[in-house]
Amino acid sequence: MQTSITIQKHPELSDSSNYELLRQEGLNAIQQLASRWWTDYNIHDPGITQLELLCYALTDLGYRTSLDIKDLLAVPVNTPFDPKRQAFYTAREILTTNPWTVNDFRKLLIDIDGVKNGWLACKQCACDDLYIYANCKKSALQYEVTEHKITIKGLYDVLIEFEDEEGVGNLNSGKIKYNFGFTAGSNFATANIEMRLPSWEMIDSKAIISRYFQNDMVSWQKFLQLVHPGSTVTSIDVHFISGTAALDADITTDKLASRLRKPVYATFTVHYSPAADIASPILPAEIKFSDIPLTVWFNSDSDRKAMALDDLKTAISDASASGILSKYIDKIRRANEIIATTTQVLHQHRNLSEDYCTIKAIETEDIGVCTDMEVAPDVDIEAVLAEAYYQIDQYFSADIKFYSLTQLLAKGKAVDEIFEGPQLDNGFIEDEQLESTNLRRTLYTSDIINILMDIPGVKAVKNFALTRYNEDGLLVESQPWSLDVTYNHQPRLYVEASKFLVFKNGLPFLPDRLELADTMQVIIGTNAQPKLAVTDKDLPVPQGNYYDLTSYYPLQYSLPLTYGVGFDGLPSAASAKRRAQAKQLKAYLLFFEQMLVNYLEQLAHVKDLFAVDDTVTHSYFSHLFTNAEINGLNDIVNTSLTANVLQDLEETNTVFLDRRNRFLDHLLARFSETFSEYALMLYSYSQSKAVAQDELIKDKIAFLKDYPFMSYNKARSFNYKDPTKVCDPTNIAGLTTRIRRVLGMPDAEKIFVVEHLLLRPRIKPSTLIPKGDPLLSICIGPNCELCGEEDPYSFRLTVVLNGETGLANSGIAFRRFAEQTIRKEIPAHLAIKICWVEKAKLDEFETKYCAWLKELSKVVPDTVTLSNLLTDLLAVFTKLKNVYPAASLHDCEDGNDENRVFLNQTII
Numbered sequence: 011m012q013t014s015i016t017i018q019k020h021p022e023l024s025d026s027s028n029y030e031l032l033r034q035e036g037l038n039a040i041q042q043l044a045s046r047w048w049t050d051y052n053i054h055d056p057g058i059t060q061l062e063l064l065c066y067a068l069t070d071l072g073y074r075t076s077l078d079i080k081d082l083l084a085v086p087v088n089t090p091f092d093p094k095r096q097a098f099y100t101a102r103e104i105l106t107t108n109p110w111t112v113n114d115f116r117k118l119l120i121d122i123d124g125v126k127n128g129w130l131a132c133k134q135c136a137c138d139d140l141y142i143y144a145n146c147k148k149s150a151l152q153y154e155v156t157e158h159k160i161t162i163k164g165l166y167d168v169l170i171e172f173e174d175e176e177g178v179g180n181l182n183s184g185k186i187k188y189n190f191g192f193t194a195g196s197n198f199a200t201a202n203i204e205m206r207l208p209s210w211e212m213i214d215s216k217a218i219i220s221r222y223f224q225n226d227m228v229s230w231q232k233f234l235q236l237v238h239p240g241s242t243v244t245s246i247d248v249h250f251i252s253g254t255a256a257l258d259a260d261i262t263t264d265k266l267a268s269r270l271r272k273p274v275y276a277t278f279t280v281h282y283s284p285a286a287d288i289a290s291p292i293l294p295a296e297i298k299f300s301d302i303p304l305t306v307w308f309n310s311d312s313d314r315k316a317m318a319l320d321d322l323k324t325a326i327s328d329a330s331a332s333g334i335l336s337k338y339i340d341k342i343r344r345a346n347e348i349i350a351t352t353t354q355v356l357h358q359h360r361n362l363s364e365d366y367c368t369i370k371a372i373e374t375e376d377i378g379v380c381t382d383m384e385v386a387p388d389v390d391i392e393a394v395l396a397e398a399y400y401q402i403d404q405y406f407s408a409d410i411k412f413y414s415l416t417q418l419l420a421k422g423k424a425v426d427e428i429f430e431g432p433q434l435d436n437g438f439i440e441d442e443q444l445e446s447t448n449l450r451r452t453l454y455t456s457d458i459i460n461i462l463m464d465i466p467g468v469k470a471v472k473n474f475a476l477t478r479y480n481e482d483g484l485l486v487e488s489q490p491w492s493l494d495v496t497y498n499h500q501p502r503l504y505v506e507a508s509k510f511l512v513f514k515n516g517l518p519f520l521p522d523r524l525e526l527a528d529t530m531q532v533i534i535g536t537n538a539q540p541k542l543a544v545t546d547k548d549l550p551v552p553q554g555n556y557y558d559l560t561s562y563y564p565l566q567y568s569l570p571l572t573y574g575v576g577f578d579g580l581p582s583a584a585s586a587k588r589r590a591q592a593k594q595l596k597a598y599l600l601f602f603e604q605m606l607v608n609y610l611e612q613l614a615h616v617k618d619l620f621a622v623d624d625t626v627t628h629s630y631f632s633h634l635f636t637n638a639e640i641n642g643l644n645d646i647v648n649t650s651l652t653a654n655v656l657q658d659l660e661e662t663n664t665v666f667l668d669r670r671n672r673f674l675d676h677l678l679a680r681f682s683e684t685f686s687e688y689a690l691m692l693y694s695y696s697q698s699k700a701v702a703q704d705e706l707i708k709d710k711i712a713f714l715k716d717y718p719f720m721s722y723n724k725a726r727s728f729n730y731k732d733p734t735k736v737c738d739p740t741n742i743a744g745l746t747t748r749i750r751r752v753l754g755m756p757d758a759e760k761i762f763v764v765e766h767l768l769l770r771p772r773i774k775p776s777t778l779i780p781k782g783d784p785l786l787s788i789c790i791g792p793n794c795e796l797c798g799e800e801d802p803y804s805f806r807l808t809v810v811l812n813g814e815t816g817l818a819n820s821g822i823a824f825r826r827f828a829e830q831t832i833r834k835e836i837p838a839h840l841a842i843k844i845c846w847v848e849k850a851k852l853d854e855f856e857t858k859y860c861a862w863l864k865e866l867s868k869v870v871p872d873t874v875t876l877s878n879l880l881t882d883l884l885a886v887f888t889k890l891k892n893v894y895p896a897a898s899l900h901d902c903e904d905g906n907d908e909n910r911v912f913l914n915q916t917i918i
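Residues 11 to 918 (this note's numbering) are what the sequence shown spells out, left to right.
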């Protein structure tokens, strides 16, 4: 029903908009001030007429002031509105934060295209099994074993579960499915090959070398050439398909049908054309795969008995783009792309004193389900079984749903709760989903039975068993009640090996395999949650309607013509006295006119009062009337009065600086920030208070402009794996920007936040590097009473700054203030050392540091080069010393109070 719109007879008005109230208050004031001389308060009295006119003008000001703040801040049509100029940051900009918790990082991983799920685990042991030990007698670290093993903290292991890709299936597994056809007597039949090639994780860990290539490094190098982008399969020679691994002989024809009930093993050679960008490819371009397990799934027993071994060899030898090997290569390449993207994303969001030890794809484990299921007589068997398979697979490895902002608001979620965590491209993820999708350690029969009983039409579930299959596809374990999942493996439902015997009224029924497969695809497609970059992921800043708030109609133009102050003035026959009286009234009313128009100017510039803009030069605003606006103005006003003169009368520079700083303090307070301590320090070092206030305004504006970046990245470090931005001023820790802003340092001022964790040893003693990577020095007692100082790597930072020039050298008080401020800004769990060094030492450190980072940024750094560069870096880094302002030492006679010597604060 449409709401009826009516005009209220007695609206509630503010005092400034209530004409009757204003008029009465004016009359009360007149009576109190002038009742002895002014007794006629009727409407014909000129004074009352002017009072009423002023009251009406005030109601106009009251109306304009009562406009919504978004209207007051609106800009003219065709002028872009910049909410950041008013420090209006959106919820996505100001409430989100760089990943901090494990759940935050999981959300970040799941948001990546191609990643279904991800997990982080704090590393509990040494990365790459590289252990270091404390030698108390030598007060040093070493690689030789002692009883004091150092476990470097702050490292993570990352596990990735890929999304299934159309055509190649599960990227975490090396399984490839291939449908082929063959002649079965007078009919044409189809079957599916399920070949189990090396998984991406087996390739990454190099377990493939021993498992598939018998430690032949040449075959390993050729395999890398084969999966390199641009390489193509040219032909495949199938040598043997045997019933047992390591048996170089084909299955005999009489045993073929029975052996195909289980996995068989294929040995074949792949011929390929190396990619053009491979320098000096290893020739011949062929690689032999031995004993690759495969399972063939048929639609019927008769099809299995009818297939010949050559039919299977022909299918395997398909070298086209849709062949088994070509699809497998596409799978590995796609997994490589996703891992590379994931690695970059993680390093872009890496936190201070944290790093990633490994980023791996989780291995999968095939789990089958066998059970008898009683269903209602009228149900569709294929529909029930397809739903059962889908629900069980979701129990093993659930999909995670993204929500739009609108959906979460409709669910009653608070805005601050919605935007908690990192900024995502595909929407929002609820924490409850993450809790329910942690890696399962055990699968329980009771859970799955409850899932099946919730499916409409299912009446009973009996004779339940969970079965496990190994990497060859062979059944290795069956459990009726629960099944433990192999550590760091993700269970996936092995549909082909699962067996559901469906009963209706006690009679067994088997599903139609093709119809079941089609129904499963429909259910999967219906429930799929494709990652589409959503636009509904932020709350927009409200934009109002623009009004010309400075539009003004002079008061005197509203008086009756007889007053002679309107646009037309007096008739030409008016006497000189009459003209003088009109000018006198016009001059009298001009005081009111000026106050009213100045108010409108102030109201129109509200957007400038709170602007984060260093071009704002006034906090009071005025308007100089012209003769065109008020006719006859030139006859009563000194023409030497200009807009600049009027503005100077309105506001001095001292007043502006004070008010501007207070407006910016208000904006800072919105974010619970203050510059009070910095302001006191700046005043003490500046020769002029005005100069200090001006500098303070610039610093506050710079701070507010960068606040979203600093707020989001308060604990984020820089990306050391981006070779295009090594030592780039845009690739810095959020802390670095915050230090610059709270200390008023220019962007050109070099600040290095050195994370000791990145200086950790990566190369143990070997033939190439006999001593291994150099180790940081420590200081511990010979009695080995250790309190953490034996570990110089975990959660430790060194901030290196220029201590030779600028404020840092002119007064130790600033340095103390800076150190105190930096320590306040550092996350509480980090220990920090601050070094104020000579300019030459800073430049030398920068050269060594950036050279080492450049090598470290490579996907695969050169072992020897990286170690040598770390040695050069630590040779400079460990010798950095504080420098202090110079002071003069005087004798008792020549001594003075200037440039005095202070212990631990100056140099002589």
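Glycine is no exception: its CB is placed at the ideal position from the N, C-alpha and C atoms. Since we're looking at a predicted model, the values are computed, not measured.
- Short of 7 Å from the beta carbon of K851, and not among the five residues preceding or following it, lie these beta carbons of its own chain, in chain order: L890.
- Take F577, set aside five residues on each side of it, and the residues of its chain with a beta-carbon closer than 8 Å to its own are Y567, N641, in chain order.
- Counting C-beta atoms within 10 angstroms of its own C-beta, F519 has fewer than 16 neighbours from the protein chains shown and is therefore classed as exposed.
- Three or more beta-carbon pairs drawn from the region 469-477 and the region 374-386 are found closer than 8 Å, and the two stretches are therefore classed as touching.
- The continuous beta strand (DSSP E) containing M205 extends over residues 197-206.
- Boundaries of the beta strand (DSSP E) harbouring T368: 365-371, taken from the DSSP string.
- Burial check for P552: the Cβ neighbour count within 10 Å stays below 16, so the residue is exposed.
- Relative to L542, the option among G124, Y497, L449 whose CA is nearest is G124.
- Judged by DSSP secondary structure, K760 falls outside any alpha helix (DSSP H); it is assigned neither H nor E.
- Between P273 and G483 a beta carbon distance of about 4 Å is seen, short of the 8 Å cut, so the two are scored as contacting.
- Annotation for D320: no beta strand (DSSP E) segment contains it, though the alpha helix (DSSP H) segment containing it runs 319-326.
- Judged by their CB atoms, M212 and G184 are nearer to each other than the 9 Å cut-off.
- Taking a C-beta distance under 9 Å as the contact criterion, I160 and I142 qualify as a contact pair.
- In the structure shown, the three-state DSSP call for W862 is helix.
- Counting every other CB atom within 10 Å of its CB across the protein chains shown gives N108 a total of 16 or more, marking it as buried.
- Looking at F631, C737, I58, Q443, the one whose alpha-carbon comes closest to that of E856 is C737.
- Taking 9 Å as the cut-off, the Cβ atoms of I292 and G240 do not count as close.
- DSSP places E175 within a strand segment (E or B) once states are collapsed to three.
- Residues of the same chain with a CB within less than 8 Å of the CB of T815, apart from the 5 flanking positions on each side, are K849 in chain order.
- When the beta-carbon positions are compared, I349 and D214 come within less than 9 Å of each other.
- For the pair of segments examined, the region 768-787 was found to touch the region 142-159: the number of CB pairs separated by less than 8 Å reaches three.
- Per the coordinates, the alpha-carbon of Q657 lies some 9 Å from the alpha-carbon of H628.
- The continuous alpha helix (DSSP H) containing I339 extends over residues 334-358.
- The Cβ neighbour count for D645, taken over all protein chains shown within 10 Å, is under 16; the residue is labelled exposed.
- The Cβ atoms of A199 and N189 lie no closer than 9 Å to each other.
- When only Cα atoms are considered, M755 and Y562 end up about 46 Å apart.
- Here I339 is buried, its C-beta having at least 16 other C-beta atoms within 10 Å.
- Rounded to whole angstroms, the gap between the alpha carbons of E157 and C146 is 10 Å.
- In the DSSP annotation of this structure, the continuous segment of the alpha helix (DSSP H) that includes Q443 starts and ends at 441-446.
- Per the coordinates, the alpha-carbon of Y366 lies some 12 Å from the alpha-carbon of A136.
- When the alpha-carbon of R833 is set against those of V243, L745, L883, K760, the nearest one is in L745.
- The DSSP-derived three-state label of G579 is coil.
- Distance from the CA atom of I219 to the CA atom of V874, rounded to whole angstroms, is 24 Å.
- The beta carbons of Y51 and Q42 sit no closer together than 9 Å.
- Taking the Cα of I79 as reference, the smallest distance to any Cα among D675, L559, G821, D313 is reached at L559.
- I836 sits in coil when the DSSP states are folded into three classes, being neither helix nor strand.
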